[in-house]
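In what follows, a single structure is set out as structure tokens and then discussed.
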Amino acid sequence: MSRAILPNTFIIGVQKAGTTTLDGWLSQHPQIYCYESLKDVMLFFRFKSIEEILQRMEKEPVPYKGQPVVLQSAVNYIFYPQYLEKLGQMSPAAKLILILRNPVDRAVSSYGYFTKMLREKRRMQGAVIYEPKDSTEFSKDNSDFTYIEHGFYAKQIKSCLKYFSREQLLILDYDDLASNPSKLLKQVFSFLNIDENFQPDLAPKNVTGSVKNQYLQESLIHRGKFRKWVVDKIVDPIFPVGKRKMLKRKLFELNTGKKKTEVPVVADKETIASIKKQLQPYFLEDTKELDVMLGTDFYNKWFEKKMVSEPGN
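Using full-length UniProt numbering, the first residue of the sequence shown is number 1, and each one after it goes up by one.
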């Protein structure tokens with residue numbers, strides 16, 4: 001690219017709530033430049049200074065052409081207060097976008113995703129039902145296997161608002177992304193002060209579906225000798241880091257079945273229903289606090305209506 005520029009807009013979470021899909025939609029807008037190969041890279045953990053960040057950004061495969069909105073997305077920004085603080089220090093005027101999903105559904109979908117990615121080896125009950133931690137240090141396991149903690153939205157948003165004003169934070173509803181994307185995109189475009197009439201290709205991304213070819217999936221994920229040889233001798237000399245990451249993501253997409261499934265081939269419907277019922281109590285008080293803080297009605301939508309509709313209630 002001709003020159004590197006720091007992002008001024010971030011999608012900060014949450015996990016399995018459509019951030020990849022929204023990132024893909026926004027990247028199509030002519031007034032938005034998207035650091036696509038840096039999707040889900042925690043810039044302010046991975047790189048220790050603005051200079052290091054800019055050096056990595058110079059390797060992006062698509063050149064920056066003066067777009068007013070410069071976007072980078074990482075679902076775990078909202079989860080770690082220490083990196084929200086760093087983001088605030090390095091980009092204090094940034095605009096932040098956060099998508100919220102029913103935390104029970106989010107936890108189940110996350111388990112399915114990490115199972116598909118060969119990260120999660122445990123049975124669903126033992127993996128998803130546990131005593132949550134009060135706080136977590138940054139690590140891959142803490143990012144991936146904290147199924148309950150990721151759903152404490154009020155706690156995370158309170159941390160975010162220590163470093164950013166409420167006006168800098170746009171909170172979206174995952175259900176709008178799934179059922180009324182045009183309405184959701186108008187909200188985002190208005191928030192970013194860009195053309196609200198632009199219509200992107202609305203194909204979903206990062207669907208938690210079944211794996212088509214297990215051998216290909218394992219080859220993409222596991223760092224065996226053969227994969228290292230292919231990367232060292234073939235991939236690295238041909239594809240720079242930015243294109244390499246995008247190629248890998250595309251291969252994962254091609255190896256995922258189009259039919260969306262919550263937990264592909266790892267749990268039956270009765271098990272999932274039972275686990276969802278066990279998960280609900282963890283989130284009730286946090287969601288009530290969330291509604292008071294934001295003036296929303298997520299508690300009624302996510303829990304009250306469902307509890308009333310269940311047999312025996």
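Positions of the beta carbon are idealized from the N, C-alpha and C atoms, including for glycine.
Under the 10 Å beta carbon count, Asp173 is surrounded by 16 or more other beta carbons and is classified as buried.
For Val188, the enclosing alpha helix (DSSP H) covers residues Pro181 to Phe191. The segment 189-204 makes contact with the segment 27-43; the number of CB pairs closer than 8 Å reaches 3 or more. By the neighbour-count criterion, in which 16 or more other beta carbons inside 10 Å mark a residue as buried, Lys39 falls on the buried side. Comparing C-alpha distances from Glu285 to each of Ile275, Asn300 and Leu84 shows the shortest one belongs to Asn300. If one requires a minimum length of 4 residues, the alpha helix (DSSP H) runs lying completely within the segment 16-102 are 19-26, 43-46, 50-57 and 81-90, in chain order.
Per DSSP, reduced to three states, the secondary structure at Thr9 is strand.
With respect to the 9 Å criterion, Thr115 and Pro132 are not classified as neighbours on the basis of their beta carbons. By the Cβ test, the segment 53-60 is not in contact with the segment 79-88, since fewer than three Cβ pairs between them sit closer than 8 Å. Taking a 10 Å sphere around the C-beta of Arg101, we find 16 or more other C-beta atoms and assign the residue as buried. Each residue's CA atom was taken as its position, placing Lys186 and Gly66 some 22 Å apart. Within a 10 Å sphere around the beta-carbon of Gln28 sit fewer than 16 other beta-carbons, which makes this residue exposed.
Assigned with DSSP and collapsed to three states, Ile275 falls in helix.
For Ile157, the three-state secondary structure derived from DSSP is helix. For Asp173, the uninterrupted beta strand (DSSP E) run begins and ends at Leu169 to Asp173, by DSSP. Annotation for Asp144: the continuous alpha helix (DSSP H) segment containing it runs Lys140 to Asp144. In this structure Asp23 touches Ile11 by the C-beta definition: roughly 6 Å separates them, less than 8 Å.
Secondary structure of Ala127 (DSSP, three-state): helix. Assigned with DSSP and collapsed to three states, Phe164 falls in coil, not helix or strand.
Put simply, of Asn76, Asp201 and Tyr153 the residue whose alpha carbon is nearest the alpha carbon of Ser182 is Asp201.
Taking the C-beta atoms as reference points, Ala74 is found nearer than 9 Å to Leu43.
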